[in-house]
Amino acid sequence: MAELNNNKGKTTPRVDLTAMVDMNFLLLTFFILSSTLSKPKAMEIVMPYTDDEMTVDDQNKIKKDVALTILLSKENRVFYYEGIGDDPEDPPHVKLTAFKDVDGVRDVIIDKKKSVERLIANGTLRASDKPTVIIKADTNSTTADLINILDEMTINAIPTYAVVDITEQDQEFVADAEETYNLK
Amino acid sequence: MEKKRGQIKKKDTFIDMTAMCDFTLLLLTFFIMATSFKPEESVEVVTPASTSTKEIPDGFILITLDKDGRVFYGVDNINAKRSIIDVVNDDKQLGLTEEEKNIFVTSSSIGVPFTQLKGFLSLPELERKKYLDNAPGVPVDTTAGYATNELAYWINLSRQYLDKGGRIAIKADGSSGYPDVSKIITTLGKQKIFNFSFITDMKGIPPGTALYEQQQLSKQAAGNPE
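If you read the protein sequences in the order shown, they are chains A and B.
With this note's numbering, letter number 82 in the first sequence gets 82, and the count goes up by one each step, no holes.
With this note's numbering, letter number 200 in the second sequence gets 200, and the count goes up by one each step, no holes.
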């Protein structure tokens with residue numbers, strides 16, 4: 001720092017810059033908190049093609065062995081069953097799980113993937129068959145449930161999944177399962 | 001200060017704060033120049049988290065859904081908004097003044113039906129903010145008719161003025177009900193839009209899963225050629 005040393009015995013006035021630094025930090029904090037560097041992240045969704053003119057026959061038939069149906073209900077409950085549940089003679093066994101990292105929906109999906117691989121290995125399914133997940137959400141579920149289940153699809157690399165409207169039959173399944181598990 | 005004999009003499013230390021001051025001013029200059037103010041949101045929404053790291057391209061249509069099921073509509077392109085408000089004014093005969101049209105172009109999202117649009121745009125800024133807290137939101141339902149489903153009308157109109165139809169982004173609150181988000185998805189489906197995005201918070205990829213392994217493989221592949 002340059003200093004003038006012409007003072008005859010008087011001490012040079014020293015400016016204490018502490019206050020200046022404090023003010024700078026305050027300004028810095030303000031600008032950091034009120035601005036944004038990053039754009040919001042987005043999760044891309046592809047919904048199945050639907051048309052009012054389409055009939056049920058036009059839609060792809062899903063094989064029972066590859067399908068896993070997931071029903072989303074209130075309070076972040078996740079019910080699931082194997083297959084598509086369209087056989088009245090053979091009602092599906094509905095089980096309850098949750099959005100947990102261990103012993104939750106993720107483990108159910110991983111087990112399904114392994115069982116499909118086993119069926120392909122022993123010849124029951126063709127090599128081109130992939131695990132399919134059908135997601136049905138009832139009126140009491142939330143957007144967070146929907147996004148969590150779609151995220152699980154990406155996390156477990158499920159190639160084929162679809163979000164469809166819940167049927168009355170599925171709502172009955174949910175009601176029966178709630179009784180079985182003693183939920184309100 | 002008393003000094004006893006034998007005590008070490010205390011020295012005052014003068015720290016020269018010039019360097020610290022320069023450094024903070026440099027940081028400040030960086031933040032002022034390199035960032036932009038966070039865009040004003042019409043309504044507070046807490047989005048759920050997902051592992052996706054893709055970003056939305058510019059020029060997107062933003063549909064905001066708050067936890068009470070109200071729908072707000074915005075477009076991220078000022079020139080497109082200018083054309084859109086002109087067409088809406090002529091079509092719905094709202095009688096908007098130039099000033100009100102400018103307010104539409106510079107505001108972030110609209111949450112009122114067409115009948116209340118002129119009233120909303122003519123309010124001064126503070127009252128507009130208060131109005132948004134209780135605004136009814138843009139009417140949506142599951143039909144394809146523009147008379148009742150105003151969201152469908154907005155989307156159809158805006159897509160004509162955006163590049164390649166514009167990307168649709170839905171910013172939904174985590175606790176909003178599924179029926180509300182389903183109405184939006186159905187509206188998009190009736191317009192033959194099956195590709196859209198949900199805006200989400202960030203979440204790390206859990207280790208041991210298929211996606212984690214994919215990420216590791218792509219990191220290795222990126223590291224190998226180098």
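From the three backbone atoms N, C-alpha and C, an ideal C-beta is built for every residue, glycine too.
Small disclaimer: the values here were computed from a predicted structure and weren't measured.
- Grab the span of the alpha helix (DSSP H) containing lysine 183 of chain B for me, first residue to last. 178-190
- Item | DSSP state of methionine 23 of chain A mapped onto helix, strand, coil | helix
- Task: Look up isoleucine 45 of chain A in the DSSP assignment and give the residues it is bridged to.
- Result: B/Phe196
- Would you please verify whether the beta carbon of phenylalanine 120 of chain B is less than 8 Å from any beta carbon of chain A? no
- Could you work out which residues of chain B lie near proline 40 of chain A, taking near to mean beta carbons separated by less than 9 Å? Thr47, Glu55, Ile56, Ala169, Lys171, Ile199, Thr200, Asp201
- Query: Is any beta-carbon of chain B found at less than 8 Å from that of glutamate 172 of chain A?
  - Reply: no
- Task: Report buried or exposed for isoleucine 193 of chain B, applying the criterion of at least 16 other Cβ atoms within 10 angstroms of its Cβ.
- Result: buried
- What residues in the region 71-82 of chain B have a beta carbon less than 9 Å from any beta carbon of chain A? none
- Message: If contact is defined by three or more beta carbon pairs under 8 Å, each pair taking one atom from either stretch, is the region 7-26 of chain A in contact with the region 13-24 of chain B?
- Response: yes
- Assign alanine 80 of chain B to one of two classes, buried (16 or more other C-beta atoms within 10 Å of its C-beta) or exposed (fewer than that). buried
- May I ask you to report which of helix, strand or coil DSSP gives aspartate 16 of chain B? coil
- Where glutamate 117 of chain A and aspartate 180 of chain B are concerned, what is the direct C-alpha to C-alpha distance, given to the nearest angstrom? 37 Å
- N- and C-terminal bounds of the beta strand (DSSP E) containing valine 133 of chain A: 132-137
- Anticipated Cβ contact below 8 Å, threonine 64 of chain B with valine 43 of chain B, distance rounded: 6 Å
- Item | Closer than 8 Å at the beta carbon, the chain A residues around phenylalanine 178 of chain B | Before going further, note that residue 178 of chain B is tyrosine rather than phenylalanine in the sequence given. The contacting residues are Leu72, Ala137, Asp138, Thr139, Asn140, Ser141, Thr142, Thr143, Asp145, Leu146.
- Item | heavy atom of the ligand ATP below 7 Å from glycine 119 of chain B C-beta | Because no ligand of any kind appears in the structure shown, any question about the ligand ATP cannot be addressed here.
- Message: Among A/Leu119, A/Lys114, A/Val163, A/Ala137, whose alpha-carbon lies nearest the alpha-carbon of asparagine 156 of chain A?
- Response: A/Lys114
- Item | N- and C-terminal bounds of the beta strand (DSSP E) containing lysine 95 of chain A | 95-97
- Query: Okay, do the region 70-84 of chain B and the region 63-76 of chain A touch, 3+ Cβ pairs below 8 Å being the bar?
  - Reply: no
- Item | Enclosing beta strand (DSSP E) for glutamate 172 of chain A [first to last residue] | Per DSSP, glutamate 172 of chain A belongs to no beta strand (DSSP E); it is in the alpha helix (DSSP H), 168-180.
- Terminal residues of the continuous beta strand (DSSP E) containing lysine 171 of chain B? 167-172
- Query: So valine 140 of chain B packs on phenylalanine 72 of chain B, CB below 8 Å; how close in whole Å?
  - Reply: 11 Å between Cβ atoms; not a contact.
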